[in-house]
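Residue numbers (the working numbering): 133 to 553. C-beta atoms are modelled at their ideal positions from N, C-alpha and C, and glycine is treated no differently. Small disclaimer: the values here were computed from a predicted structure and weren't measured. As structure tokens, the structure follows; a few thoughts come after it.
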Ligand code: F0G
């Protein structure tokens, strides 16, 4: 494993290729590249994943303003194509907190972003970079939310958008968004991983600019989830959370949160002992990251067949695993899988506290319940669960998990009779 993925206070040496204190580096071989001179998604030499690096990692004193761009000091630009995004609520869920039996539980509801998912945080930065590079056509493979965000931010930036979706496996709210924001929608007879293979080929051929989380700039925006959690938790409770639990698909958020913590440790703003334990949750039918953590593997095995009610994370080949696995391990976290039934129970339980999410989001609560039951999470822990997408993204799943409408006559007395039955 490269030292660049460790949680240490080592200041990065600034290479000659840096532009305004920003550059790209390979996480495997440490090769550095100019950030905006040409389009690049992986290392020219070893094909490793790239990450954005900064001459001056941020401190909390550097942040001012609102939303994602409050954290400009941690981003490659000062502003971007914005709708605006970020500043999502950190909900108190007292009934769940008591039922699960932990000291403090908060829910960071990323479904409250402009297109209803955390993807907006990455897109505001990614589309800004696309402008810098001068590309015309943006593209992504998607289980739905990335396509909705790409379509909206592309529309905002006046760019053409192309999205590849696994046919029949994307929740209707997400396709509706991509359609109305004027994306060209290609439905592939395959799963998400197949779609990503295709769009990567299109990107390598120079046909499109790829805005999946393989694009290192997307993850920069998504770091701001961690920055918001740390700032707000400290303001409210005078401490940082012990653990952050999140759904895992491509493992982009896991990688982004880890990078957020590493940069704060590098700048001296965060003590390594205060870094929250990153804890990933996958659906049982799509759990290659959990398998790698449980078996202690350095790499993941691609699952060719995946299935789960949580279609957003119906992913068998998490491309950011090389960034995310070291994060889970270095922070002392873990990963766990949950069944569709456990996901649906958590979906209902969150809704019962007024927090409406899509099924993938409920995995964080389902995972917490299970880890608490297994004694992995202690009663004295302070935990933040991430909920990544809004209830209306997947109306079918909400109908399935919720109450059925009842037909009544057009008559008040009959309605009274009906409700007192
Ligand atoms: N939750 C939701 C609602 C998502 O849409 C996704 C990913 C994840 C969790 C997983 O996040 O990839 O950072 O581990 N959705 C992508 C998409 C794949 O195409 O919308 P991750």
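Touching by the beta-carbon criterion (3+ pairs, under 8 Å), the region 193-203 and the region 323-337: By the C-beta criterion, the region 193-203 is judged not to be in contact with the region 323-337, since fewer than 3 inter-stretch pairs fall below 8 Å.
Local Cβ density within 10 Å of residue 169, reported as buried at 16 or more and exposed below that: That one is exposed.
Residue 505 (DSSP reduced to helix, strand or coil): Helix at residue 505.
Residue span of the alpha helix (DSSP H) that contains residue 184, given as start and end: Segment 182-186 is the beta strand (DSSP E) holding residue 184; no alpha helix (DSSP H) there.
DSSP-derived helix/strand/coil call for residue 177: Residue state, collapsed to three classes: coil.
Which of helix, strand or coil DSSP assigns to residue 369: DSSP places residue 369 in helix when its eight states are reduced to three.
Alpha helix (DSSP H) runs contained entirely in the region 344-416, provided each spans 4 or more residues: If we require 4 residues or more, the alpha helix (DSSP H) runs fully inside the region 344-416 come out as 348-369, 384-399.
Any non-hydrogen atom of the ligand NAP closer than 6 Å to residue 448 Cβ: No copy of the ligand NAP occurs in the structure displayed; its ligands are the ligand F0G alone.
For residue 323 and residue 262, the rounded distance between their alpha carbons: Roughly 27 Å between the two C-alpha positions.
Alpha-carbon to alpha-carbon, residue 470 and residue 133: Residue placement at residue 133 is flagged as unreliable, the pLDDT there being 39, under the threshold of 50; a coordinate-derived value is accordingly withheld.
Residue 380 beta carbon near the ligand F0G (any heavy atom closer than 6 Å): Result yes, Cβ under 6 Å from the ligand F0G.
heavy atom of the ligand F0G below 6 Å from residue 384 C-beta: Distances between the C-beta of residue 384 and the heavy atoms of the ligand F0G include at least one below 6 Å.
Nearest to residue 378 (by Cα), restricted to the options 496, 164, 249, 391: Taking each of 496, 164, 249, 391 in turn and checking the Cα distance to residue 378, the smallest one comes out for 496.
Residue 520 beta carbon near the ligand F0G (any heavy atom closer than 6 Å): Yes; taking the cut-off as 6 Å, the Cβ of residue 520 has a heavy atom of the ligand F0G nearer than that.
The ligand F0G heavy atom lying under 6 Å from the CB of residue 445: Residue 445 Cβ: within cutoff of the ligand F0G.
Contacting residues, own chain, Cβ-Cβ under 6 Å from residue 140 (five flanking each side not counted): Excluding sequence neighbours, residue 140 sits near nothing in its chain.
Ranges of the beta strand (DSSP E) found wholly within the region 483-531, counting only runs of at least 3: Segments of the beta strand (DSSP E) lying fully in the region 483-531: 514-519.
Beta-carbon proximity of residue 222 to residue 364, cut-off 7 Å: Pairing residue 222 with residue 364 gives a Cβ-Cβ distance under 7 Å.
For residue 235, three-class secondary structure by DSSP: Note: residue 235 maps to coil in three-state DSSP.
C-beta contact flag for residue 356 and residue 203 at 7 Å: Against a cut-off of 7 Å, the Cβ pair of residue 203 and residue 356 comes out as a contact.
heavy atom of the ligand F0G below 6 Å from residue 499 C-beta: No, the Cβ of residue 499 stays beyond 6 Å of every heavy atom of the ligand F0G.
Whole-Å CB distance - residue 271 paired with residue 331, under 8 Å assumed: Cβ atoms of residue 271 and residue 331 come within 8 Å of each other, at about 5 Å.
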